[in-house]
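In what follows, a single structure is set out as structure tokens and then discussed.
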Amino acid sequence: MTSEANTVPGSTGSAGNGLTLRAQVREALRAGILRGDWRTHDRLPSENELIERHGVSRITVRQALADLAGDGLIVRVQGKGSFVAPAPVRQELSRLQGLSEALGGQGREVLTRVLSLSRAGLPARAAQALGLPAGTPCVELQTLRFADGQPLSLNSIWIEPTVGDTLDEAALAQTDLLTIYESALNLRVTRAAVDIGAALATARQRKLLGLADPAAVLRVERTVFTTDDRPLHFEASTYRPEAFSYRLELAR
């Protein structure tokens, strides 16, 4: 059998170099997914089928599948196989929207599970964003959000007390918070300040988002403002990194 280091005759990479067997299998599967041979949640051929189809070793097949999983194209489930992953959720940074508002136009189904809605003292980071002393009694909303049935984000939102006390848990499970502000509370949302970074998931985040240990996550902090530049809420959201992306178009 040809070794992994050898190239496949007639197959060339973008720089003119020969493709390894691992790359050949990976790119054949990638092309099939992008072509629509397998749809979202479809099961890919088994390892044995791929070994026979491509004439390669099991380790080569597993490496190719690991590459695709790392790219977010497939999800590997132990004992069940590899499945085509849903396309990442994408939200535009150039417009301030709630998740349901942003994804509704993309034909994606968004579900919100309210984990808690209660009074709590403001932690330091939220207090700084809201311009209040740390420990100030505030309303804390915790939610777990899903896109097309898959866990997407875990969210902690600290809401200015006079606004937070008017919120209804049932409405929060059905509607974006920004929409509630504008439609139910007659508050005008004017702008938001957003910070995006990476972090390692905590044990709780891994459990609720269905992540392995260890796992990197996308961390998004957002402060939302109303008229007179008054902060309405501060939110800290943790996203599955392969399932979500922000897009920003810049002009020069």
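If you're matching positions, the sequence shown starts at 65 in our numbering and goes up one per residue.
Ideal placement from N, C-alpha and C gives every residue a C-beta, glycine not left out.
Next item on the list: Taking only the alpha-carbon atoms, compute the straight-line gap between leucine 264 and leucine 275 and give it to the nearest angstrom.
Entry: Take the alpha-carbon of leucine 264 and the one of leucine 275: they are about 11 Å apart.
Item checked: aspartate 212 beta carbon less than 9 Å from that of arginine 183 -> Their beta carbons are not under 9 Å apart, which means arginine 183 does not touch aspartate 212 by this criterion.
Check: The beta strand (DSSP E) with valine 120 in it runs from where to where?
Finding: From DSSP, valine 120 is part of no beta strand (DSSP E); its letter is neither H nor E.
Next item on the list: Rank Ala198, Ala190, Val141 and Ala234 by C-alpha distance to the C-alpha of threonine 207 and give the top, closest one.
Entry: Threonine 207 has its Cα closest to that of Ala234, out of Ala198, Ala190, Val141 and Ala234.
Checklist line | Local Cβ density within 10 Å of glutamate 299, reported as buried at 16 or more and exposed below that | finding: Taking all protein chains shown into account, glutamate 299 has 16 or more neighbouring C-beta atoms within 10 Å of its C-beta and is therefore buried.
Item checked: Cβ-Cβ distance between leucine 242 and valine 253 below 9 Å -> Going by C-beta atoms, leucine 242 is nearer than 9 Å to valine 253.
Note to self: Quick check: what's the CA-CA separation for aspartate 232 versus phenylalanine 289?
What the structure shows: So the two alpha carbons sit approximately 20 Å from each other.
Notebook entry, point to check: Whole alpha helix (DSSP H) runs in the stretch 122-207 with 4 or more residues, listed along the chain?
Noted result: Correct list: 122-134, 163-168 and 188-194.
Check: Quick one: Cα of valine 227 to Cα of valine 281, how far?
Finding: Answer to the nearest angstrom: the Cα atoms are 30 Å apart.
Note to self: Using only the alpha-carbon positions, how far apart do serine 146 and isoleucine 97 sit?
What the structure shows: For the pair serine 146 and isoleucine 97, the Cα-to-Cα distance works out to about 12 Å.
Notebook entry, point to check: How many angstroms separate the CA atom of aspartate 292 from the CA atom of glutamine 161?
Noted result: Between aspartate 292 and glutamine 161, the C-alpha separation is close to 20 Å.
Check: Where does glutamate 224 land, buried or exposed, given buried means 16+ other C-beta within 10 angstroms?
Finding: When all chains shown are included, glutamate 224 counts as buried.
Margin query: Spatial neighbours of leucine 194 within its chain, please: C-beta separation below 6 Å, excluding the five flanking residues on both sides.
Written below: Only Pro295 and Phe298 meet the Cβ criterion.
Next item on the list: Starting from arginine 56, trace the alpha helix (DSSP H) both ways and give me its first and last residue.
Entry: Past the boundaries of the shown model lies residue 56; the chain is included only from 65 to 316, so the question cannot be answered.
Next item on the list: Quick one: give me the first and last residue of the beta strand (DSSP E) that alanine 257 is part of.
Entry: For alanine 257, the enclosing beta strand (DSSP E) has its first and last residue at 253-264.
Next item on the list: Hey, could you find the ends of the beta strand (DSSP E) leucine 236 is sitting in?
Entry: First-last for leucine 236: 233-236, but that is the alpha helix (DSSP H), not the beta strand (DSSP E).
Checklist line | Among Ala149, Pro201 and Leu114, the one whose alpha carbon lies nearest that of leucine 132 | finding: Residue Ala149 is the option with its Cα nearest to leucine 132.
Check: Where do the ends of the beta strand (DSSP E) carrying glutamate 246 lie?
Finding: DSSP places glutamate 246 outside any beta strand (DSSP E); the residue lies instead in the alpha helix (DSSP H), whose first and last residues are 241-247.
Check: Which residue comes first and which comes last in the alpha helix (DSSP H) that contains alanine 87?
Finding: Annotation for alanine 87: the continuous alpha helix (DSSP H) segment containing it runs 85-99.
Note to self: In the DSSP output, which residue or residues are listed as bridge partners for histidine 105?
What the structure shows: The beta-bridge partner set that DSSP reports for histidine 105 is empty.
Next item on the list: Under the assumption that glutamine 155 contacts tyrosine 310 (Cβ atoms under 8 Å), give the Cβ distance between them as a whole number of angstroms.
Entry: With a contact defined as Cβ atoms closer than 8 Å, glutamine 155 and tyrosine 310 qualify at about 6 Å.
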